[in-house]
Structures are given as C-alpha cells and as structure tokens.
Amino acid sequence: MKAYIKYNKPLPLVDYLLPLVGDKKEVKIADIGSGPWSVIGSYSPGIKVEIYHSDIQDFGSFWEQRQMKPVISVERQDMEKLTYPDNFFDIVHSNNALDHTKNAKEAVKEMIRICRADGWVYVHCWLNQLSTGYRHCWNAKEDGTFTNNKDTFDLKELGFQIQFIDRGGESRYNEIIATLKKKV
Numbered sequence: 001m002k003a004y005i006k007y008n009k010p011l012p013l014v015d016y017l018l019p020l021v022g023d024k025k026e027v028k029i030a031d032i033g034s035g036p037w038s039v040i041g042s043y044s045p046g047i048k049v050e051i052y053h054s055d056i057q058d059f060g061s062f063w064e065q066r067q068m069k070p071v072i073s074v075e076r077q078d079m080e081k082l083t084y085p086d087n088f089f090d091i092v093h094s095n096n097a098l099d100h101t102k103n104a105k106e107a108v109k110e111m112i113r114i115c116r117a118d119g120w121v122y123v124h125c126w127l128n129q130l131s132t133g134y135r136h137c138w139n140a141k142e143d144g145t146f147t148n149n150k151d152t153f154d155l156k157e158l159g160f161q162i163q164f165i166d167r168g169g170e171s172r173y174n175e176i177i178a179t180l181k182k183k184v
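Numbered according to full-length UniProt numbering, the sequence shown spans residues 1 to 184.
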C-alpha cells in the first residue's frame with residue numbers, strides 16, 4: 001500500500017508520544033517537517049488532540065497529481081524560522097527532518113522556543129545520511145552530535161537525552177531519538 005494512502009486518514013496518536021502526553025486531557029502538538037502527510041496520528045480517546053503539521057514544501061501539487069485531498073492539511077513553515085508563538089505547543093515533534101535543514105542548530109532552538117515550559121521536544125533522525133544525497137545537509141551521530149562539512153553541534157549541549165537504536169548493518173540504518181523536557 002502506498003504511504004500516502006495509508007496515512008491520509010484519521011489515525012490514533014502513535015504510542016511513543018503517549019508518555020509525553022501524560023495525564024493531559026488536552027494537548028497541542030507541532031509535527032515539524034512532516035512532509036505531505038503525518039505519521040503521528042491525530043486523535044487519542046479521552047484527549048483533545050490539536051495537531052499542527054508543517055513542512056517547508058508546499059504539497060498542493062502532490063495531492064492534485066493523485067487526485068486526492070489531504071485529510072490533514074500541512075502548513076508551510078521553515079524549521080529555522082517558525083512563525084508560531086513562543087511556548088505554544090505541549091509537544092514539538094520532528095521525524096526524519098532535522099538533517100534536511102541548512103542550519104539544524106537554529107531549527108532545534110526554534111523547536112525549543114515554541115515548546116511550552118514542562119513540554120517536550122522529540123526529534124528522530126537516521127544516522128549518517130549526508131552521503132546519501134536527497135537534500136540531506138547533516139549527519140546525525142549515535143551520541144546526538146550533528147556534523148557537516150562546515151559545522152558541528154551536540155544536542156546534549158542543548159539539554160537533550162539521546163537514545164541510540166542499533167538496527168545492525170550499515171550505520172545509516174541506525175537511528176537516534178532525542179528528547180528534551182523543557183524546564184519550567
């Protein structure tokens with residue numbers, strides 16, 4: 001099944017975000033760099049879920065070519081210059097997008113800025129993607145460091161906890177999950 005068909009419908013919120021939701025009855029989530037559809041879901045029983053999907057690209061023609069309408073619209077946003085207000089979201093989520101930015105450190109700072117105090121920033125990245133091309137601008141490393149030909153920065157220095165997932169084989173099939181609970 002094509003991914004755009006699989007995800008172009010209301011789906012339950014993914015399990016890995018539920019611990020970040022906690023006991024909240026209402027939650028506002030930013031899905032930054034979501035692409036033409038979001039893979040994180042849009043509802044959870046007993047919780048009012050408000051999700052803002054965004055990406056730097058406009059995907060109108062993507063849906064027109066497939067003669068479909070997106071169930072959930074994707075707002076055009078630049079991760080490095082988000083237009084959302086400070087402290088706006090309970091959870092800021094980014095899946096496989098940070099390594100596509102020109103200034104990944106600035107994008108991380110923006111995600112922290114729009115996250116509420118006591119909220120969460122969740123970043124997922126595949127490792128060592130720079131050499132694969134396809135708009136990759138950074139290599140994520142297993143320790144949470146991001147590098148390219150010009151710069152290096154460490155997510156841990158910004159307060160993130162890093163979880164390394166070893167999938168075996170080539171390092172680019174491994175991944176990190178970086179989480180930050182924004183202090184009050």
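C-beta atoms are modelled at their ideal positions from N, C-alpha and C, and glycine is treated no differently. All values reported here derive from a predicted model rather than from experimental measurement.
In the three-state reduction of the DSSP assignment, Val-121 falls in the strand class. For the stretch 65-126, the full-length beta strand (DSSP E) segments reaching 3 residues or more read 74-76, 89-95, 115-126 along the chain. Taking 4 residues as the shortest admissible run, the stretch 19-69 contains the following complete alpha helix (DSSP H) segments, listed from N- to C-terminal end: 60-65. Counting only runs of 3+ residues, the beta strand (DSSP E) found wholly inside the stretch 154-180 occupies 161-165, in chain order. The stretch 103-115 makes no contact with the stretch 53-73, as fewer than three CB pairs between them are under 8 Å. Straight-line measurement puts the Cα of Cys-125 at about 15 Å from the Cα of Asn-148. Less than 7 Å separates the beta-carbon of Ser-171 from that of Leu-127.
Between the stretch 33-44 and the stretch 10-19 there are three or more inter-stretch CB-CB distances shorter than 8 Å, so the stretches are counted as touching.
Contact between the stretch 150-160 and the stretch 49-63 is absent, with fewer than three C-beta pairs closer than 8 Å.
Bounds of any beta strand (DSSP E) do not take in Thr-132, whose DSSP letter is neither H nor E.
Here Asn-139 is bridged, per DSSP, to Thr-147. Using a 10 angstroms sphere on the CB of Asn-139, the tally of other CB atoms reaches 16 or more, which defines it as buried. Within the same chain, and ignoring the five residues on either side of Ser-94 in sequence, the residues whose Cβ sits closer than 6 Å to its Cβ are Ile-32, Gly-33, Val-123. With a 10 Å radius around the Cβ and a threshold of 16 neighbouring Cβ atoms, Val-184 comes out exposed.
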